[in-house]
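For what it's worth, my numbering labels the leading residue of the sequence shown as 11, then goes sequentially.
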Amino acid sequence: MLNIEPGLLIWTIITFLLLVFVLRKVAWNPLLSALEQRESSIREALEESQRARQEAQALLEQNQRQLSEANQESARIIEQGREEAERVKASIIEQSRQEGQRLVEDARRQIAQEQQAAIQDLKSTAADLAMQATGRLLSTSVTNEDHRRLVTEFLDRFPESVEN
Numbered sequence: 011m012l013n014i015e016p017g018l019l020i021w022t023i024i025t026f027l028l029l030v031f032v033l034r035k036v037a038w039n040p041l042l043s044a045l046e047q048r049e050s051s052i053r054e055a056l057e058e059s060q061r062a063r064q065e066a067q068a069l070l071e072q073n074q075r076q077l078s079e080a081n082q083e084s085a086r087i088i089e090q091g092r093e094e095a096e097r098v099k100a101s102i103i104e105q106s107r108q109e110g111q112r113l114v115e116d117a118r119r120q121i122a123q124e125q126q127a128a129i130q131d132l133k134s135t136a137a138d139l140a141m142q143a144t145g146r147l148l149s150t151s152v153t154n155e156d157h158r159r160l161v162t163e164f165l166d167r168f169p170e171s172v173e174n
């Protein structure tokens with residue numbers, strides 16, 4: 011078994027080299043070209059995924075910028091609304107204050123007018139009563155008892171005259 015025969019060795023080497031040559035022509039080149047195509051398609055797929063990743067990153071950044079801008083815009087709109095509400099509130103408060111002052115002034119004028127009218131009425135009534143009392147006094151001579159009686163009558167009639 012361990013005998014080496016030179017003829018068999020040469021034919022084995024020639025057969026091996028012939029097999030390698032045939033395999034190279036028939037199987038090796040198609041196998042290498044298939045591997046190269048596979049490597050090329052994997053490389054293209056990696057490049058495409060890298061491009062897609064970069065595009066997705068760019069879109070994400072763009073969306074984040076737009077979201078930030080939208081948040082800033084909404085904050086600005088909210089602040090404008092708040093400022094407008096404060097202006098409206100101040101305007102309403104000022105109008106209410108002015109209306110209240112006007113009502114108070116109107117009430118004061120009306121009270122003053124009614125007070126003046128009441129004073130005039132009271133003066134007129136007092137003058138009429140004084141004239142009536144004077145007329146009675148002058149028409150008769152007055153004694154102490156008459157004087158008391160006139161004062162009492164005057165005082166009794168005084169509320170009736172004021173009410174009329």
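In this text, a Cβ means the ideal position worked out from N, Cα and C, and glycines have one as well. Values in this document were obtained by computation on a predicted structure and should not be read as measured data.
If we ignore side chains and look at the alpha-carbon of each, how far apart do residue i and residue j end up?
i, j, result
"V32", "F26", "10 Å"
"R107", "L113", "10 Å"
"Q130", "Q123", "10 Å"
"N81", "I87", "10 Å"
"D138", "Q125", "20 Å"
Which of the three DSSP states, helix, strand or coil, is assigned to residue i?
i, result
"I14", "coil"
Give me, in chain order, the residues of the same chain whose beta-carbon lies closer than 8 Å to that of residue i; leave out the 5 immediate sequence neighbours on both sides.
i, result
"V98", "none"
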